[in-house]
Amino acid sequence: MKAVIFNGTIEDDETIKAIETDLVGQLAKAGWTVEPIELRRTQIAGCLGCFGCWVKTPGMCVIDDFGRETAKKAVQSDLLVWLTPVTFGGYSSELKKALDRLIPNLLPYFDSYHGQIHHKMRYEKQPKLLVIGANSTGEVDEETFLGLTERNALNFRPPKYAAGIFGKRERSEDVHCFVEKLLKRVEVIS
Amino acid sequence: MSQPRTILLLNGSPKCERSNSRLIAKFLVEKLEEKGLTSEEFFAAKLLNSSENREKLLKSVDDADLIVLATPLYVDSVPSCTIKLMETIREHRKTINDAGTKLLIAVMNSGFPEKEHMSIALKIVQNFARESNLRWAGGITVGMGGALGHKSLKNGAGMTAKLTKGLSLASTALARGEPIPAEAEDLASKPFLPIFMARSYFRTFGNRTWDKDAKNNGARAEMLARPYEIL
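So the sequences go chain by chain: W and H. Just so you know, the first sequence maps onto residues 5 to 194 in this note's numbering. Just so you know, the second sequence maps onto residues 27 to 257 in this note's numbering.
So this is what it looks like as structure tokens:
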């Protein structure tokens, strides 16, 4: 089983580093292969919104850079983890760069899903999804963050998903327990 | 609140000049210009490539009384270049205390018919306003934005009648330094078609349009391709 971590760190962040280290440790202990990717160290151009990945080169972005790799890794993983500083109640620009480039993994075709129009899935199998926000700055809009992950789950349709924010007031020794709870919620560990 | 004199249109779309979000926002900005305001425009996708552009952006933010953020919906939020823009402005505004006198509004456009798709993205922009000491003055959310097809809204007829009327009402309030009234937000954000018709349209004509576009690119037979092997 393979897990891929999209790490959306903007600047050095001890909390995110600690969460990633713990995630890698717990997953490895459970027998998973883990690939953490620090997105700020990669070359991923912003999505152009051109829909070329749907109507020119279906399933593959027209931009030939690491964004193609992250889309491929997402398809080929069993668990996808998005790790980000909570930014305006959502994701950092670094994480969002990779997420915007995941749309080749969907089909352009529309269908009703949970009472709204959404795109159909290109692949039969989707990875489980775990979204972790780190609040290193102060008050964050947790409701919006969790709402965003809910909407993402409607669009990427993971078989299981969970999301949580590691708060500013929590102690570094609490990281392990926080990560463990989330991994249990996506049924990666028992 | 004093009357704003200067507008900064921040175009958050990677499509830059060819953006439907911009088309909608430009209509509003032009209405405000008719009332004596002046405007300048910056493109998120172009701006952050150099430190010179960054400085230019921040000066324009400093000079603006009203900021109009025009943005499409990408993966349930705003595009990455728009988040980068917001991160940059927030960092700059940390050191400035002008008592929240600058107004910020959002003009958001989505390819889906239901405006619920944009509710979270709108909250993210509101949080940006709060964290950047900008006074939130409302948001217009337009579903089915792709149907505008980059055509001008100036004749204000047909399916865009409510949108243009709502934008005109919004401009009257904004020119006085007031937030967009709820009535204007609701009117401008009304779906172009009754929602049951819009959904049916998407599932039929919408899907055929994708096929037609792929055919024009010689890719019709590959539409369902799965280039990445599942391991």
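Beta carbons: idealized from backbone N, C-alpha and C, even for Gly. All figures in this text were calculated on a predicted structure; none of them were measured in a lab.
> Pick from Ile9/W, Thr25/W, Tyr95/W: whose alpha carbon is nearest that of Glu177/W?
Replying inline: Ranking Ile9/W, Thr25/W, Tyr95/W by Cα distance to Glu177/W puts Thr25/W first.
> Skipping 5 residues on each side, what residues in its chain have a beta carbon closer than 6 angstroms to that of Phe114/W?
Replying inline: Ile121
> Candidates Ala187/H, Arg161/H, Ala247/H: which alpha carbon is nearest Val59/W's?
Replying inline: Ala247/H
>> Please state whether the Cβ-Cβ distance between Leu110/W and Arg126/W is less than 7 angstroms.
In response: yes
> Taking Asn156/W as the reference, which of Glu143/W, Gly94/W, Thr46/W has the closest Cα?
Replying inline: Gly94/W
> Alpha carbon to alpha carbon, how far is Leu179/H from Arg44/H?
Replying inline: 14 angstroms
> To the nearest angstrom, how far is it from the Cα of Thr148/W to the Cα of Lys164/W?
Replying inline: 20 angstroms
>> Using only the alpha-carbon positions, how far apart do Phe228/H and Glu66/H sit?
In response: 36 angstroms
> Of all the CB atoms in chain H, is at least one closer than 7 angstroms to the CB of Met125/W?
Replying inline: no
>> Which residues in chain H have a C-beta closer than 7 angstroms to the C-beta of Trp36/W? List them in chain order.
In response: By Cβ distance, chain H contributes nothing, its closest Cβ being about 13 angstroms from Trp36/W, past 7 angstroms.
>> Measuring alpha carbon to alpha carbon, tell me which residue in Leu213/H, Gly169/H, Gly165/H is nearest Lys188/H.
In response: Comparing Cα-Cα distances from Lys188/H to each of Leu213/H, Gly169/H, Gly165/H, the minimum goes to Leu213/H.
>> If we define contact as Cβ-Cβ less than 7 angstroms, is Tyr117/W a contact residue for chain H?
In response: no
> Which runs of the alpha helix (DSSP H) fall wholly inside the region 78-124 of chain H and span at least 4 residues, in chain order?
Replying inline: With a minimum length of 4 residues, the continuous alpha helix (DSSP H) runs that stay inside the region 78-124 of chain H are 106-119.
> Does any C-beta atom of chain H lie closer than 7 angstroms to the C-beta of Asn11/W?
Replying inline: no
> My guess is that Gly168/W and Ile193/W are in contact by the Cβ rule of under 8 angstroms, so how many angstroms apart are they, rounded?
Replying inline: Rounded, the Cβ-Cβ distance is 15 angstroms, inconsistent with contact.
> According to DSSP, is Thr190/H helix, strand or coil?
Replying inline: helix
> Looking at the structure shown, is Lys238/H part of a helix, part of a strand, or coil, going by DSSP?
Replying inline: helix
> For Asp104/W, which residues from the same chain have a beta carbon less than 6 angstroms from its beta carbon, with the 5 sequence-adjacent residues on both sides left out?
Replying inline: Cys51
>> Can you tell me where the beta strand (DSSP E) holding Gln120/W begins and where it ends?
In response: 120-125
> Which whole-angstrom value is the C-beta distance of Gly192/H and Arg161/H, which I expect to be below 8 angstroms?
Replying inline: About 21 angstroms separates the two Cβ atoms, so there is no contact after all.
>> Taking DSSP's pairing of strands, which residues face Ala7/W in a bridge?
In response: Val38/W, Leu83/W
>> To be precise: take each residue of the region 41-69 of chain W, compare its Cβ to all Cβ atoms of chain H, and keep it if any distance is under 9 angstroms. Which residues remain?
In response: Ile48, Gly50, Cys51, Leu52, Gly53, Cys54, Phe55, Gly56, Trp58, Val59, Lys60, Thr61, Pro62, Gly63, Met64
>> Please list, in chain order, the residues of the region 133-145 of chain W that have any C-beta partner in chain H closer than 8 angstroms.
In response: Asp145
> Quick one: is Thr19/W near chain H, going by C-beta distance under 7 angstroms?
Replying inline: Residue contact with chain H for Thr19/W: absent (no Cβ-Cβ distance below 7 angstroms to any residue of chain H).
>> Under 8 angstroms, CB to CB, which of the residues in the region 154-173 of chain W have a partner in chain H?
In response: Arg155, Asn156, Asn159
> Closest to Val190/W by CA distance: which of Ser140/W, Leu134/W, Phe170/W, Leu158/W is it?
Replying inline: Leu134/W
> Given a limit of 9 angstroms on CB to CB distance, which residues of the region 210-228 of chain H reach chain W?
Replying inline: Ala224, Arg225, Phe228
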